[in-house]
Amino acid sequence: MQLKLAHWLTLFCLAAAPAAMAQGMPACPEKNLLYWQAFPPGGESDLSARHQQVVLKKKCAAIDTIIQYKAGAGGGLMWGQINTLPGDGLNVVGINLPHIVFQPIEGEVQYKTADITPVFWFHYTPDVLVVPESSPIKNFAEFIAAAKLAPGKMNLGGSGLNSANHAAHE
């Protein structure tokens with residue numbers, strides 16, 4: 004049985020989405036929320052989850068938001084199990100773009116992008132291009148020009164395969 008992520012995130016969104024409250028849902032759940040992360044503690048996804056944990060505690064003081072980690076396969080391990088979690092509104096799963104789109108295209112994960120229905124966007128991370136201060140490159144146009152003049156000579160670093168960093172430099 005396919006359960007949509009909307010079932011798990013409904014209560015999570017109540018903390019920030021008054022429109023959801025208009026549908027007759029309770030303001031806060033009676034049990035703790037489990038906030039599932041597809042990446043290990045200490046990274047950007049974890050920091051975002053911890054920020055939401057603080058916000059949810061202010062909105063629903065009687066419960067805790069417990070962050071759970073199921074890291075592996077660049078997020079694919081957790082996202083492949085989204086539809087196996089109870090659809091009780093107490094399981095929240097963090098997703099990351101572009102991972103949830105690119106991985107199924109490569110066919111190496113146990114989920115399809117269509118299986119995931121985001122219901123609330125609360126965070127994005129912009130990428131930054133950095134060069135040493137001594138570099139003659141002072142802006143993006145100069146960076147592109149230098150890369151075209153010397154194909155294969157410049158290096159870019161990022162967080163991994165199928166990440167936004169990877170997509171940007173491809």
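Using the numbering used here, read the sequence shown as starting at 4 and increasing by one per residue. For glycine and all other residues, C-beta sits at the position ideal for the given N, C-alpha and C.
How many angstroms separate the CA atom of T120 from the CA atom of K156?
40 Å
From which residue to which residue does the alpha helix (DSSP H) around A82 run?
Reading the sequence as shown, one finds Trp at residue 82 and not Ala. W82 -> alpha helix (DSSP H) spans G79 to W82.
Would you mind sorting G160 into buried or exposed? The rule is 16 or more other CB atoms within 10 Å of its CB.
exposed
How big is the Cα-Cα spacing for M24 and K62?
Unreliable positioning characterises M24 in this predicted model, as indicated by a pLDDT of 47, which lies under 50. The coordinate reading is nonetheless provided below. Approximately 13 Å between the Cα atoms of the pair.
Rounded separation between P135 and A148 - CA only:
17 Å
Proximity to D67 [Cα-Cα], best of P32, L80 and N99:
The shortest C-alpha separation from D67 is found at P32.
Element boundaries [beta strand (DSSP E), containing Q40]:
Residues L36 to Q40.
Quick check: the region 33 to 49 against the region 92 to 100, are there 3 or more CB pairs under 8 Å?
yes
Which of the three DSSP states is assigned to V96 in this structure?
strand
Under the three-state reduction of DSSP, which class applies to T87: helix, strand or coil?
helix
How is I69 classed by DSSP in three states: helix, strand or coil?
strand
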